[in-house]
Structures are given as structure tokens and as C-alpha cells.
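Worksheet: one structure, shown below.
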Amino acid sequence: MDLPLWATGLIGFLIINAMLVSASVLVYAERKVSGYIQNRPGPNRVGPFGFLQPFADVVKLIMKEDIAPRAASPFIHSLAPVLMVIIAMTVPAVIPFARGFVIADLDVSVLVVLALTSVSVYGVTLAGWSSNSKYSLLGGLRSSAQMISYELSMGLAVVSVVLIAGSLSLVDIVEDQASGWAILGWNVIRNPVGAMLFIITAFAETNRAPFDLPEAEQELVGGYHTEYSGMKFGMFFLAEYVNFFIASFIIVTLFFGGYLIPFEPLFAHVFYDNGLGWLLGVLQFFALLAKTAFFAFLFIWVRWTLPRFKYNQLMTIGWKYLLPIGIVNALVIALGVAVFEALGL
Amino acid sequence: MSTPGTSYAIPGTEAGNVFRFWPRHNEALYKRLESKHAWLEARHHGDGGPAEADPLEHEMVLNIGPQHPATHGVLRVVVKLDGEMIERAVLDIGYLHRGIEKLAEHKTYQEFMPYTDRMDYLSPYSNNVAWCLAVEKLVGIEVPERAQWIRMIMCELARISSHLLWMGVGLMDAGAVSVFLWAFQMREEIYSIFDEVAGARFTVSHSRIGGLATDITPEGLRRIRKFVDEFPEVHAGWVKLLNRNRIWIDRNVGVGLLTAEEAVELGMTGPNLRGSGVAHDIRRFEPYLKYEDVDFNIPIRTEGDSLARYFVRMEEMMESIKIIRQCLDRLPEGPIRADNAKWAYPSKEEVYYSMEGMIHDFMYTDTGVCPPRGAHAYHAIESPKGELGFYLTSDGTGNPWRVRINAPSFTNLQGLEYMLEGALIADMVILIGTVDPVMGESDK
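Chain order of the listed sequences is A and B.
Residue 15 in the numbering used here is what sits at position 15 of the first sequence, and the numbering runs on without skipping anything.
Residue 1007 in the numbering used here is what sits at position 7 of the second sequence, and the numbering runs on without skipping anything.
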């Protein structure tokens, strides 16, 4: 369905704000979940159950003095965090939130997602370089090496999905997953290796533990954001949370049926027959949110349980294991698709 | 003020002559980094000659610490990096130097006790006991049985507490922050035991020359029993999480390799030595207290890498539990301090209700034990970090004439520089963790 421009603008505005709020919700969730993992209550002082803790954090960050190293390149030093946030905030434009509810239904939205996540490495690298600090530089270098290594595997995982759906549009990919019985159409069942591959690379792409080498707190102090303070640091922080939220969205969209409610093909017609398509849409939106929340939880869970990889382990896993698996998986899927088409299934 | 042949600015030199020590110190440090003959050159350039020139300028000097989250206090490491690999490393210690060896010369033997708390502040009780044993050896004091058994219990608790911190911080350095908090929960239990037994959580100063300050209370015994019962279960949980954790194993295996010969040559002690396959444990080879009467194993590993040291320390914690159990079973009744006014403090009853007691108390506080003139003694214990020894020389007064501390953290740090060369930056945090230095002890 084609929305007028003002409606798209309004939805865009709402979604950007929702993303900002979701980041603070995620910060709260992360602190609470990590608290429970570590046998402690987590934030519980600011507001009821500590709900207002992230807002207090933001206020603190805004009030802080913005310190930049004298030797830093001022323009790029300020540009880098902005770049990160802008890119993180742009990706939701192509995510289908419910049937027919997407800001920009592009034919190549998968490519847009891949392109945007690739650009986000510039934020990290520029931040590392422009700070003119050795720790930051090491963080930035690690980040670019990591992104390059894992983008290939991620691309191959996406290729396998695109082959199955026969389309580069996220909407088509989601609708394609509605074809099977109940949840059998979901790509995680048709393409489990690709799903695993994509989830692992998504961890790496978002710089989350155990792939958080660029900011390895204990080795590189803060990695690429060592020299940032105040809201500039806050923007990196925001971008990180939005990024892993977006990554959860993409994982769900590509492999876990996107906005499809589990078992939806079995009962969707009931809604349409009774003219309740809008209710289905609302339910789909919540289904998407629930699935995304699960993956966001997974991101948090893993971060607070596992140690960090070492640089050479990271490279070994990326190039020696994930890449060959990705290539073989893409080939197998391509053959499978060809065979199915030849058989006319 | 710049070193010839180097292009980078030396930090601190811009201060000119205002702080003369600092620029000179720094310059010497950086010079040493440049001129150091690292064994690595031979390994990487094949011919054993000097390192090749660096036309692409991919080498970088990185200053890590003394204010750095992974350096466990105020250790400073200056490394020369080739990409992510450490080519040469120079350690700079002494940021926590308080001169306690000199301070000891102006204290009575008993007065020096709180200073030992602040050496290895992760296991203060071991330091107390080491000091007391050295002084008791110097004077020839006989300590009652019960005091010895209680000292053993507390020393082993201190060992667990220290190893817990090593584990928590080691894992946190590797990125698993949660383990740090789990470890601290158990340390909290140990702290509450110390609180009950010694009256202080952290700097206990509970041991006294000739015995102990106070007897262990029934509540203290109950808490120790509870801890001994609970700990193995918690420990098993960690072992389950870590022993088969692919990332943790891969980060440790083959990192910081030391053969048995190298470990001995570098003067490593404690778990670092036992991780290289040298079964040296003072509790077994020169038993002090009642260690010859209890049954325990000395865990060793022959691999000599960080993983081996990890296993050694994890098993040592369980051996400590075993020792504590035996001590609890065999804890005899009796006095806790030597009944001799020249050796130890009189009890509070005597001080408050008898004139002699008060005079003894006064004399002991004022002068303390007076070893014979010219006496000297060395006594070492197996502290959590390794061999902790005190060498005392007496001039016949109540103050030691000279105190020399053989601190395990200091000797262990000698191996760190060697292990760092050839490692990656990410290994650095693992290696500092595995050497387990406490700067308070190393810098004295």
C-alpha cells in the first residue's frame, strides 16, 4: 500500500523516537539482566524498579563536559559518533513492521541493510583514527579488520536467504516465509546453517561480546571511544544499543518469519474474512517485537556470560570456519532451489 | 631531551627541570626498551641478528599503565608493538613503594603487623602469619597448638580469597565480567568470616607474635563450616562453566609458555612454578604450622601455559577446603597465646585485673619481644602467590635491625616481561592475570 508523503514522514518520526526509547529500554534491560545473571538486583533506585535509570544516565551524559584531545582532528572526531547514530537510525526505514507497514518498500532493501551496516564501520574507524590516541587507533584497526572478515560471511548468509526467496526485498522475504505450514516456512527451518551463520556474524557486526574487541575495555581501555566523553560518548552508546536492536530485527526478519505470528498461515484467513486485517497487523507488530526482544535478550545473555575472543581467534573463526561454511551453504541452497524449481515444487 | 634515534616524544620531558626524576626515569625506561636484546628478534628474524629496520613504520610504542584497568593496580608496562604483537616489553614497578622494609626498623615486631596486611592485600592473613612465624623463629617462641590450627584455617581461607580474586579478575580481563561478581560473592563470605574471627574484614592483623589476638568464636566456626560446605558446589559450577569453555581455553592455551627450567631460572614461585611442572610447595617441603599433619595434594601441571596455571589455582582452592576440613576436625582446645610475658601479650583479664599483667602489657607494647643480639632468621610460607619470606636481623632491641621481604609478586613479575614478548595485546591481560601480581607486595 502506498502511503502519502506526510504519513511516511510521521511514521518515520515515530519510529526514530521509538528507536531512541527502545535504546533506553535496552540499556535498562541490559543492566537488569546482567544484574540477575550476577546475582544482584540491578538498578532499582531511580523511579519504580529503576525504570528511569537510563534517563538519569542520559541526563548525566548531557551534563558532562565534552572533552576532546588537543591533538584530535576536531571535525572527524565530532563526525564519527554522529555517523554511527545516523546509520543506526536509518536501517529501520526498510524493516517491515507488519504486513504493509514499512516506511520504504525498496526492491533491494536487503542490499540497503548490508550497505548501511558496512558504512557503520566508518564511524568506529574514524573515531579511532581521529582521536589521535594509540588505544583508539588499535580499536579502530581491530574494528575494520573484524568488519571486513565478518561481512563476507554475513553476505553469504544473506545470499542463501535471497536465493530461497528469489527477491532482494525484505517484504518479499518475509512473505515468502509465510508459504509453509505453520512455522515450517521460516528460513531458520529451511536454512538453519545460514541462520546460525547470520546470528554469529550479527554479533560480530554489532561489536557485541564476545566480539567486542574494538572496545575491549580491559585491553584497550575503551578502544575507539577511549577519548570520547559526554554526549559524544553517549552517541556511541546509543548507536551500540540501537545497532543490536536492529540486528535482532534483521535476524528475525530474515530467518524467524519477521512479523509473521507463529502458526499464522493456519488462522490468518479468519481475520481477513471478518475484516479484521488491522487487528492482525497489530498482532503481527507485537509478534515481531516479541521475537526481537528474545534476540535482544540473547545478545545481552551472551555478553554477560562469555569471555572475549582474541584477535587471532577472531580471524581464524571468520576466515577458516565461517567463510567456507557460508560458501558451501550458499551453494547447497542454490542447488536445492534449482532442483525444487526443476521439479516444479 | 630526547633519545637519539627515536622520533617519538618521551612523556614527561616537557616538564623540564621542575621534576628531574621523572624525565630521567622515563628516558631510561624508553632507552631500555630500545636497546633491550629481546629473545624475540632471534625467533622472528631467524638469524639471531639485530631486528630489521622498520621502513613501513608499523611499530608503535604503547605505554600501558600505571592507570590501566588490566594492570591490577599500578603496574606499568611499556611495550613495543608490531601490529598487535608485543615485540619487546619493559616493566616499570615501584608506584606503590612505601618503604615498609625501612619502616619496620622503627617499629616493634608487633607494631609492624598492620604493615604486612597492606603488602598482599588480597590475603592479609598469610602475611600476618608469615611475619609472626619469622619473628617466632628469630626469638624461639613456642606457639600453642590451637593457635597453629586456627592460623592454618585462616591462611587457607586467605588462599581461597586470593585465588577467587585472581579468577574473577582474570575472567573479567578476558571479558567475562559476571564471573568477577560471582567470585566476589564468595569472597564476601570469607570477609564475613574474617570479620567474625578477627574483627576486621580486610586488613585483619589477627595473628599475634606467640599466638592469636582472639580465639575463634562458635559463630566464627559455624560460618567457616557453612563456607566449607557451600564452596565446593559453587566451585563446581565455575568449573562447569569454564573448563570446557572454548573461548576461555583458546585464550589461555599456549599463552605465556614457561618450561620448568625457565620458570626456575626466572624465579617464579607458587602456582606459576607449579603450572610449569615443578612440584615445589613450602607447605610440603619445609612444613610450618601443622601442615605435615594434614593430608593434601599439591596440584601441578606440566604444560607451563596460562591454562595450566588456571587449573593449578582452581584445584588449589579445593585442596584448601580439604585442609580446612581437617583442621576443623582436629582443632584442639587450649590457650591461643604463649603464656610468657616476654613472648606474647598477656590476656585482657590479666591486664585488667592484675598489676603484673598491666606492666607486661605496657612493656610488650613499648619494647616488645627482644631477640638476642645478632640473631637472624629467614622464614618463608607458601602464600597464595608463592614463597613469602621474611629475613630478620636483630640488634638485641625490640626493633628489628633489618627486615628483608621476599615477596612472591615481585619475583613472579620477573617472568612477566619474558612472557609478554611475542604475545598479542589481548594476551597481555591474560598474562598479567595469570602472574597474579599484587603491587602492594611487589613494590613493598
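Yeah, the Cβ is synthetic: ideal placement off N, Cα and C, and Gly gets one too.
Residue i, DSSP secondary structure in three states
i: ARG1337 of chain B; result: strand
i: GLU1286 of chain B; result: coil
i: MET1085 of chain B; result: strand
i: PRO1400 of chain B; result: strand
i: TYR1345 of chain B; result: coil
i: LYS1080 of chain B; result: strand
i: THR1434 of chain B; result: helix
i: ASP1120 of chain B; result: coil
i: GLY155 of chain A; result: helix
i: THR253 of chain A; result: helix
i: LEU1392 of chain B; result: strand
i: GLU1041 of chain B; result: In this predicted model, GLU1041 of chain B has a pLDDT of only 48, less than 50, meaning its place in the structure is not dependable enough to derive any value.
i: ASP1305 of chain B; result: coil
i: LEU1424 of chain B; result: strand
i: VAL1204 of chain B; result: coil
i: LEU1331 of chain B; result: coil
i: HIS1163 of chain B; result: helix
i: ASN312 of chain A; result: helix
i: GLU1387 of chain B; result: strand
i: TYR1364 of chain B; result: helix
i: ASP1092 of chain B; result: strand
Rounded straight-line distance, which links the Cα of residue j to that of residue i
i: ARG1284 of chain B; j: GLU1292 of chain B; result: 7 angstroms
i: LEU289 of chain A; j: GLY344 of chain A; result: 36 angstroms
i: VAL91 of chain A; j: ILE103 of chain A; result: 10 angstroms
i: TYR150 of chain A; j: PRO1114 of chain B; result: 54 angstroms
i: THR125 of chain A; j: PHE203 of chain A; result: 18 angstroms
i: ALA72 of chain A; j: VAL1079 of chain B; result: 23 angstroms
i: MET89 of chain A; j: PHE245 of chain A; result: 11 angstroms
i: VAL252 of chain A; j: SER160 of chain A; result: 15 angstroms
i: LYS1385 of chain B; j: THR1302 of chain B; result: 18 angstroms
i: PHE285 of chain A; j: PHE75 of chain A; result: 40 angstroms
i: GLY12 of chain A; j: GLY100 of chain A; result: 15 angstroms
i: LEU1242 of chain B; j: LEU331 of chain A; result: 36 angstroms
i: ARG1032 of chain B; j: MET1419 of chain B; result: 17 angstroms
i: LEU10 of chain A; j: ASN1063 of chain B; result: 51 angstroms
i: ILE1141 of chain B; j: PRO1287 of chain B; result: 17 angstroms
i: LEU323 of chain A; j: LYS1226 of chain B; result: 51 angstroms
i: THR1269 of chain B; j: PRO81 of chain A; result: 47 angstroms
i: PHE97 of chain A; j: GLY155 of chain A; result: 23 angstroms
i: GLU1101 of chain B; j: GLY1210 of chain B; result: 22 angstroms
i: VAL58 of chain A; j: LYS232 of chain A; result: 11 angstroms
Any chain B beta carbon closer than 7 angstroms to residue i
i: PRO307 of chain A; result: yes
i: GLN38 of chain A; result: yes
i: LYS134 of chain A; result: yes
i: ALA209 of chain A; result: yes
i: TYR311 of chain A; result: yes
i: GLU227 of chain A; result: no
i: GLU219 of chain A; result: yes
Beta-carbon proximity list for residue i, same chain, < 6 angstroms, skipping 5 on both sides
i: ASP1215 of chain B; result: ILE1336
i: PRO1066 of chain B; result: VAL1074, ARG1076, TYR1095
Any chain A beta carbon closer than 7 angstroms to residue i
i: SER1178 of chain B; result: yes
i: ARG1043 of chain B; result: Any reading at ARG1043 of chain B is ruled out, since the residue's pLDDT is 45, under 50, leaving its predicted position unreliable.
i: LEU1275 of chain B; result: It should be noted that the sequence gives Gly, not Leu, for residue 1275 of chain B. Chain A contact via Cβ: absent.
i: ALA1426 of chain B; result: yes
i: GLY1374 of chain B; result: no
i: VAL1351 of chain B; result: no
i: ILE1086 of chain B; result: no
i: ASP1250 of chain B; result: yes
Same chain, Cβ closer than 7 angstroms to residue i, neighbours up to 5 away in sequence not counted
i: GLY1254 of chain B; result: ASP1305
i: PHE55 of chain A; result: SER24
i: SER1447 of chain B; result: Here chain B has residues from 1001 to 1444 only, and residue 1447 of chain B is not among them.
i: ARG1201 of chain B; result: TYR1191, PHE1194, ASP1195
i: ARG1118 of chain B; result: THR1203, GLY1440
i: ALA1377 of chain B; result: ALA1134, LYS1137, LEU1138, LEU1392
Own chain partners of residue i with C-beta closer than 8 angstroms, once the 5 adjacent residues on each side are dropped
i: LEU1040 of chain B; result: In this prediction, LEU1040 of chain B scores a pLDDT of 49, lower than 50, which makes its location untrustworthy; no coordinate-derived value is stated.
i: PHE309 of chain A; result: PRO210, PHE211, LEU213, ILE317
i: ASN1272 of chain B; result: LEU1258, ALA1263, ARG1309, GLY1386, ASN1412, GLY1415, THR1434, VAL1435, ASP1436
Expected contact under 8 angstroms - CB spacing of residue i and residue j to nearest Å
i: ALA1158 of chain B; j: GLY1168 of chain B; result: Contact flag wrong, Cβ pair sits at about 16 angstroms.
i: GLU65 of chain A; j: SER229 of chain A; result: 7 angstroms
Residue i: CB within 6 angstroms of a non-hydrogen atom of the ligand FMN
i: VAL328 of chain A; result: With respect to small molecules bound, the structure shown includes none, and the ligand FMN cannot be examined in it.
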